[in-house]
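So the structure is just underneath, and the comments pick up after that.
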Amino acid sequence: MPRLLVLLLLLLLLAGCAQRDPAPAVLGWQQRFSAASVALGGWFGGLERGERELYLQELAHTGEPVRLRQDGRPTPLASSVFPPAAIRARCEAVALLGEHAERLARLAADQAPDAAATAASTLAGRIGALTAGDPRLGEYAGPVGVLAGLVTGAVVEHQRQQLLDQALHRGGPAVERLLDLIEADLAESVGPLRLTGAAQARDTLISDYNRRRQEEAALPAAQRTSPAERLRELQAIAALSQRVELLRGGAPLRLPAAMRQAYRRLAAVAGGRQPPTPAQQAALRQALDDLQAETAATTALIAPLEDRP
Amino acid sequence: MNDLALDVPALTALTMACFEAAQDDDLDEDTRRAFAAQARRLRAHLVTLVSARFAAGTPAFTACARQVAAANAGLERGRLRLAESAATIQRIDRLLKGLDRLAGVAVRFL
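Chains A and B, in that order, give the protein sequences. Mapping to the numbering used here: the first sequence position 174 is 174, numbers consecutive. Here the numbering used here = 1-based position in the second sequence + 1000.
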């Protein structure tokens, strides 16, 4: 057997011939993780707007004049409530998470090993044709082509695996640490602000509703607010109550927790030496479904106050 | 940072208790109004605390973000190297196609 063929067989064994098909779930992972990052960014990015809305709602409720400065400090109309650099740093960090997801998934699903295998087979066949003048070499053009394709594909696949390992080794701890920081911020800062903000907005709506009913009690029925309009006002109060309960129940923390789980499941699929098992793929799909649900819930929770039924 | 962590949960709980008392029918109107006013003042303090916490916690976010950005750059370089491996083989293949044609021409002249 020609030495070339033996060498190729050895390379095949050494490089590991387990071709990894990119799990279909990996391709959907990036989109959902990126969507989750956008929703997560909304927790921070919407803080200023939320405080301004609360301030204006309060003015509308009390009838007090608009001021740019009150009690020795600027009002939310005149100045940022939170340090812009602090908000920006958090939003940029969250955006980087989304970008990391995109690049990781792109590398994990890259078709380069298959393209390399195809190209190498074609190349080897062409070399074989060029050496067709020698009958002994010409005989091996076909099998050499197949083996060269497999080996090249395995070598490029091995490269991809090394790159994925490096990415997970370097990026994994940073991603986990960033999610830790985000969770701490949501639990100890953003969550309490959103919770008490929703409670204040609800208190204002309830007070306004009760005050109008008291004022209308002395009016003829025809001049009072219609039942349909009263129902709309009550539904707005109910929506805020629901928001308060969700926030009190720790809703802000579920999104970064779901992102962490999805990231770990992807790392298990992408970083394994063998193709993902059905159990791993199922776990990844479940993590993605959970992530999608939490993203939707978060988007609803951080919607502006005026987005009321 | 630890002092801030202790203040925020307590302040939040107190603020929420005041908002709920503000709508408690067991209390008279004046008491409810007083609780509503206190809740708003407490929340204003909470906003100040959180704002300070944000400023204090930003360096940690920035440092971590730098690491993620470095990992992202590595991912992009890796993906390009991977594509280059396949592209290199395809370039050699195109070169050999050219040699093919030349070999065919040369044979005709033999």
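Heads up, the beta-carbon is just placed ideally off N, CA and C, and yes, glycines get one too. Note that the coordinates shown come from a computational prediction; the quantities given were computed from them, not determined experimentally.
Here the stretch 34 to 43 of chain A lies against the stretch 97 to 104 of chain A, with 3 or more beta-carbon pairs under 8 Å apart.
With respect to the C-alpha of alanine 1065 of chain B, the residue from A:Gly72, A:Glu64, A:Ala60, A:Ala93 having the closest C-alpha is A:Ala93. Those residues of the stretch 1046 to 1078 of chain B placed with their C-beta closer than 8 Å to a C-beta in chain A are Leu1046, Val1047, Val1050, Ser1051, Arg1053, Phe1054, Ala1055, Gly1057, Thr1058, Ala1060, Phe1061, Thr1062, Cys1064, Ala1065, Gln1067, Val1068, Ala1069, Ala1070, Ala1071, Asn1072, Gly1074, Leu1075, Glu1076, Gly1078, ordered along the chain. For serine 241 of chain A, same chain residues with a beta-carbon under 7 Å away, outside a window of 5 residues either side, are Arg202 in chain order. Apart from sequence neighbours up to five positions away, the residues of its chain that approach threonine 1015 of chain B with a beta-carbon distance below 7 Å are Ala1039, Leu1042, Arg1043, Leu1046, ordered along the chain.
Bounds of the alpha helix (DSSP H) holding proline 227 of chain A are 227 to 248. Counted as a single uninterrupted DSSP element, the stretch harbouring threonine 277 of chain A is not any alpha helix (DSSP H), since DSSP gives it neither H nor E. About 6 Å separates the beta carbons of alanine 167 of chain A and glycine 1074 of chain B, which is inside the 8 Å limit, making them a contact pair. For the pair serine 1051 of chain B and alanine 85 of chain A, the Cα-to-Cα distance works out to about 11 Å. Here threonine 277 of chain A has no same chain residue with a Cβ atom under 7 Å from its own Cβ, once five neighbours each way along the sequence are excluded. The residues Ala39, Gly42, in chain order, have a CB closer than 8 Å to that of threonine 299 of chain A in the same chain once the five nearest residues on each side in sequence are set aside. Beta bridge pairing from DSSP links proline 74 of chain A with A:Arg69. For leucine 1027 of chain B, none of the residues of chain A pass the 8 Å Cβ criterion, the least Cβ distance being about 14 Å. Alanine 228 of chain A has its alpha-carbon roughly 38 Å from the corresponding atom of serine 189 of chain A. In this structure, the beta-carbon distance from glutamine 235 of chain A to leucine 54 of chain A does not fall below 8 Å. DSSP places proline 83 of chain A outside both helix and strand once states are collapsed to three, so it counts as coil.
Contacts between glutamine 1038 of chain B and chain A, judged by CB atoms closer than 8 Å, are missing: the closest CB pair is about 12 Å apart. Listed in chain order, the positions of the stretch 170 to 196 of chain A with a beta carbon within less than 7 Å of a beta carbon of chain B are Arg170, Gly171, Ala174, Val175, Arg177, Leu178, Leu181, Asp185, Glu188, Ser189, Pro192, Leu193, Leu195, Thr196.
The C-beta of leucine 1080 of chain B comes no closer than 8 Å to any C-beta of chain A. DSSP places aspartate 1028 of chain B outside any alpha helix (DSSP H), giving it a letter other than H or E. When B:Thr1048, B:Gly1057, B:Glu1029, B:Arg1094 are compared, the shortest CA-CA separation from threonine 1012 of chain B is found for B:Thr1048. Residues Leu240, Arg243, Val244, Leu247 of the same chain have their beta carbon placed closer than 7 Å to that of alanine 198 of chain A, with the five preceding and five following residues left out of the count.
For the pair arginine 224 of chain A and glutamate 233 of chain A, the CB atoms are not nearer than the 8 Å cut-off. For isoleucine 302 of chain A, not one C-beta of chain B is nearer than 8 Å to its own C-beta. Against chain A, the CB of threonine 1015 of chain B has a partner CB under 8 Å away; the residue lies at that interface. Contact annotation for isoleucine 206 of chain A against chain B: Gln1023 [CB-CB distance below 8 Å, chain order]. Taken through DSSP and simplified to helix, strand or coil, alanine 1022 of chain B comes out as coil. Within 10 angstroms of the beta-carbon of leucine 288 of chain A lie 16 or more other beta-carbons, which makes it buried. Taking 8 Å as the cut-off, the beta carbon of alanine 78 of chain A is found closer than this to the beta carbon of leucine 68 of chain A. Alanine 303 of chain A sits in coil when the DSSP states are folded into three classes, being neither helix nor strand.
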